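Which chain is which? The protein sequence lines are A and B, in order. For the first sequence, the tail end lands on 288 under our numbering, and the numbers increase by one without skipping. For the second sequence, the tail end lands on 1189 under our numbering, and the numbers increase by one without skipping. Glycine included, C-beta positions come from ideal geometry on N, C-alpha and C. Small disclaimer: the values here were computed from a predicted structure and weren't measured.
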Amino acid sequence: SSVTVIGNSHIKLGFDTNGFLSEVTADGLTRLVSQEFLFYEGAVGNNAEFLNRSSGAYIFRPNENKIHFATDQVEIEVYKGDLVHEVHQKFNDWISQVVRVYNKDSYAEFEWLVGPIPIDDGIGKEVITRFNSDIESEGIFHTDSNGREMIKRKLNHRDTWSVKINEEVAGNYYPITTKIDLEDDTARMAILTDRAQGGSSLKDGSLELMVHRRLLKDDAFGVGEALNETEFGDGLIARGKHHLFFGKSTDREGVSLKAIERLTQLEKLLPTWKFFSNMEAYTADEWQ
Amino acid sequence: APHLTFMRETLGIMQHHDAITGTEKEKVALDYAKRMSVAFRACGATTRNVLNQLTVKSRENVKDTSAKYVFEFKTCPLLNITSCPVSEVNDRFTLTLYNPLAHTVNEYVRIPVADPSYKIIDNKGVTLETQAVPIPQTLIDIKHRSSTAKYELVFLATNIPPLGYRTYYVEKLDSTEGRTKTRALPKST
């Protein structure tokens, strides 16, 4: 009946009555931030014509930029404990997510589960997660280069030649190996990925990342089969994590949000190695 | 050396542009995954030997050099889908965390377990705060995922030294003691 809030003293996430993320509070800022899952329809073209290829393993090419919302109503369950707060979201039969904030962290974790992507309607689908905010980014965003420097990107623009973008979605997609971000004079928003994904900012304040895709036509660039992945019958299920950072774009007490993002990036991509040992034969004292 | 070399050769193959970008045929992708799996298992034997050598000092302390104190350090390659036979089946097990970074780290750790009530103590004998969170039904319902875990046990591992390790002892609680403390109750909307 009202906004559901999870979080800690560093960051708070609000969820509206439809179950969607609706606001984020961090660094003394409370801003409208939403998150949703959508999917593009994969283009089906005539592969004999270079400019009319199908979307496939090599190229992302939505059909007339058609996009669909996964749902308009999310089922949620909320779990709050001393170490972590979680919201479990179910968007539809093949998309769900856990949003969590650990007690001492200043960022939020989104663990998504997508698939098997249904193809009963004969349409290939390319699923994205999209974060919308009111940050006035003026078409500027940044993507990383294999975890090293961040590269400035501008919507419908190339730095070294005059470009006319014929495909306004695919033509603005960039490789994201670890991070995509945007900001204005007041606030910034960044997302860390756990794997290489395609991503973009197609509207001011908006970041999107492609999490899974299932296509029914070969794009004729060499692989010779559609990206359908039916070896195990139903198509693949993908699970992964995004980390959302939100806060002031300026330094706070000498530590910038960018610096925290950088350190977290290292710790998320190179986490501890985990080794399990059976201890049925030992008490805690013996083990000690 | 043969174990490490198999991993070296596999990582060489994994640098092909089709493996990097995922533009290989599906059966080639499966073969890549199989090679990686074999390479990890091969190196697992080496890692286990190294960890048992590192723990030699503590074994000398108990003046018992028998095989009793040689441990199996198992990796759970399906932890990414919240599945680990060792933690799901055993009432008592240890978790060793090796930090590959050059600075000390703290990390929230999640362990798949079948029951919500466990106790975790660190290497100094201190009992840590834990929280059991239910695994989402959407994950449990996946038909090809084989796991008895219903919860993830969460704790904060602190001060794991650079390029070093710390071990935690995890024990299932017999009674319902701690259940109300550790289990977060759902509030459905």
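Endpoints, beta strand (DSSP E) assigned at residue i
i, result
"residue 148 of chain A", "Where residue 148 of chain A is concerned, there is no enclosing beta strand (DSSP E), given that its DSSP letter is neither H nor E."
"residue 35 of chain A", "29-42"
"residue 1087 of chain B", "Residue 1087 of chain B -> not in any beta strand (DSSP E); alpha helix (DSSP H) instead, spanning 1085-1089."
"residue 96 of chain A", "95-102"
"residue 217 of chain A", "Taken as a continuous stretch (DSSP letters only), residue 217 of chain A belongs to no beta strand (DSSP E), as it is neither H nor E."
"residue 188 of chain A", "187-193"
"residue 25 of chain A", "21-26"
"residue 1159 of chain B", "1151-1160"
"residue 197 of chain A", "197-200"
"residue 126 of chain A", "125-133"
Residue i versus residue j: straight-line alpha-carbon distance, rounded
i, j, result
"residue 187 of chain A", "residue 5 of chain A", "21 Å"
"residue 267 of chain A", "residue 19 of chain A", "30 Å"
"residue 270 of chain A", "residue 1022 of chain B", "22 Å"
"residue 201 of chain A", "residue 1083 of chain B", "35 Å"
"residue 156 of chain A", "residue 203 of chain A", "11 Å"
"residue 1188 of chain B", "residue 242 of chain A", "Low confidence applies to residue 1188 of chain B: its pLDDT is 48, below 50, so where it sits in the model is not reliable, and the reading given next is rough at best. If I take the Cα positions, the gap works out to 24 Å."
"residue 1091 of chain B", "residue 194 of chain A", "32 Å"
"residue 1048 of chain B", "residue 209 of chain A", "38 Å"
"residue 1054 of chain B", "residue 1102 of chain B", "19 Å"
"residue 1160 of chain B", "residue 1105 of chain B", "5 Å"
"residue 236 of chain A", "residue 288 of chain A", "43 Å"
"residue 11 of chain A", "residue 258 of chain A", "16 Å"
"residue 52 of chain A", "residue 96 of chain A", "34 Å"
"residue 1043 of chain B", "residue 1003 of chain B", "5 Å"
"residue 1182 of chain B", "residue 282 of chain A", "No answer about residue 1182 of chain B holds up, because its pLDDT of 45 lies below 50 and its placement is not dependable."
"residue 123 of chain A", "residue 1081 of chain B", "28 Å"
"residue 1169 of chain B", "residue 1116 of chain B", "16 Å"
"residue 23 of chain A", "residue 91 of chain A", "18 Å"
"residue 1072 of chain B", "residue 3 of chain A", "48 Å"
"residue 972 of chain B", "residue 162 of chain A", "As shown, chain B starts at 1001 and ends at 1189. That puts residue 972 of chain B outside it, with no answer to give."
"residue 1009 of chain B", "residue 1095 of chain B", "30 Å"
"residue 290 of chain A", "residue 112 of chain A", "No statement about residue 290 of chain A is possible, as the shown extent of chain A runs from 1 to 288 and does not include it."
"residue 232 of chain A", "residue 138 of chain A", "45 Å"
"residue 1034 of chain B", "residue 1014 of chain B", "12 Å"
"residue 1012 of chain B", "residue 1076 of chain B", "24 Å"
"residue 116 of chain A", "residue 164 of chain A", "36 Å"
"residue 178 of chain A", "residue 141 of chain A", "14 Å"
"residue 1179 of chain B", "residue 225 of chain A", "Residue placement at residue 1179 of chain B is flagged as unreliable, the pLDDT there being 49, under the threshold of 50; the coordinate-derived value follows with that caveat. If I take the Cα positions, the gap works out to 52 Å."
"residue 215 of chain A", "residue 13 of chain A", "34 Å"
"residue 77 of chain A", "residue 88 of chain A", "5 Å"
"residue 1123 of chain B", "residue 1166 of chain B", "7 Å"
"residue 71 of chain A", "residue 1121 of chain B", "44 Å"
"residue 1164 of chain B", "residue 103 of chain A", "25 Å"
Beta-carbon neighbours of residue i, restricted to chain A and to distances below 8 Å
i, result
"residue 1043 of chain B", "The contacting residues do not exist; residue 1043 of chain B stays about 11 Å from chain A at best."
"residue 1025 of chain B", "223, 224 and 225"
"residue 1105 of chain B", "267 and 272"
"residue 1032 of chain B", "Near residue 1032 of chain B there are no residues of chain A at all, since even the closest Cβ is about 13 Å away, more than 8 Å."
"residue 1142 of chain B", "237"
"residue 1051 of chain B", "275"
Terminal residues of the alpha helix (DSSP H) in which residue i lies
i, result
"residue 258 of chain A", "257-269"
"residue 1049 of chain B", "1026-1054"
"residue 1007 of chain B", "1002-1013"
"residue 284 of chain A", "284-287"
"residue 1137 of chain B", "1137-1140"
"residue 1021 of chain B", "1017-1021"
Integer Cβ distance of residue i from residue j, believed to fall under 8 Å
i, j, result
"residue 168 of chain A", "residue 63 of chain A", "The pair is not a contact, with the Cβ atoms about 13 Å apart (cut-off 8 Å)."
"residue 182 of chain A", "residue 135 of chain A", "6 Å"
"residue 131 of chain A", "residue 265 of chain A", "Between residue 265 of chain A and residue 131 of chain A the Cβ distance is about 17 Å, and since that is not below 8 Å, they are no contact."
"residue 1038 of chain B", "residue 1052 of chain B", "Going by Cβ atoms, the distance from residue 1038 of chain B to residue 1052 of chain B rounds to 22 Å, so no, they are not a contact pair."
"residue 1113 of chain B", "residue 1153 of chain B", "5 Å"
"residue 1086 of chain B", "residue 47 of chain A", "That belief does not hold up - the Cβ atoms of residue 1086 of chain B and residue 47 of chain A are roughly 49 Å apart, past 8 Å."
"residue 1157 of chain B", "residue 1097 of chain B", "6 Å"
"residue 99 of chain A", "residue 21 of chain A", "7 Å"
"residue 106 of chain A", "residue 260 of chain A", "6 Å"
"residue 1151 of chain B", "residue 1134 of chain B", "6 Å"
Interface partners of residue i on chain B, CB under 8 Å
i, result
"residue 82 of chain A", "1129 and 1131"
"residue 174 of chain A", "Neighbours of residue 174 of chain A on chain B: none; closest Cβ ~14 Å, over 8 Å."
"residue 231 of chain A", "1026, 1027 and 1030"
Under 7 Å by beta carbon: chain B residues contacting residue i
i, result
"residue 288 of chain A", "1125"
"residue 98 of chain A", "1136"
"residue 284 of chain A", "1121, 1169 and 1171"
Chain B contact residues for residue i, given Cβ-Cβ distances below 9 Å
i, result
"residue 261 of chain A", "What residue 261 of chain A touches in chain B: nothing, since even the nearest Cβ is about 16 Å away."
"residue 90 of chain A", "1136, 1137 and 1138"
Beta-carbon neighbours of residue i, restricted to chain A and to distances below 9 Å
i, result
"residue 1164 of chain B", "The contacting residues do not exist; residue 1164 of chain B stays about 10 Å from chain A at best."
"residue 1118 of chain B", "By Cβ distance, chain A contributes nothing, its closest Cβ being about 12 Å from residue 1118 of chain B, past 9 Å."
Interface partners of residue i on chain A, CB under 7 Å
i, result
"residue 1112 of chain B", "Those within 7 Å of residue 1112 of chain B in chain A number zero; the least Cβ separation is about 10 Å."
Exercise. Which of the residues in the stretch 269-281 of chain A, read from start to end, lie with their CB under 7 Å from any CB of chain B?
Worked result: 270, 271, 272, 273, 274, 275, 276, 277, 278, 279 and 280
Exercise. Residues in the stretch 1072-1096 of chain B with C-beta within 8 Å of chain A's C-beta atoms, listed in sequence order?
Worked result: 1072, 1073, 1074, 1075, 1076, 1079, 1080, 1081, 1084, 1086, 1087, 1090, 1091, 1092, 1093, 1094, 1095 and 1096
For this session: Return the residues of the stretch 1148-1161 of chain B that lie within a Cβ-Cβ distance of less than 9 Å from chain A, sorted by chain order.
Result: 1154, 1155, 1156, 1157 and 1160
Exercise. At a Cβ cut of 8 Å, what residues of the stretch 36-59 of chain A count as close to chain B, listed as they run along the chain?
Worked result: 57 and 58
Exercise. Which residues, taken in chain order from the stretch 105-138 of chain A, show a beta carbon closer than 8 Å to some beta carbon of chain B?
Worked result: 105 and 113
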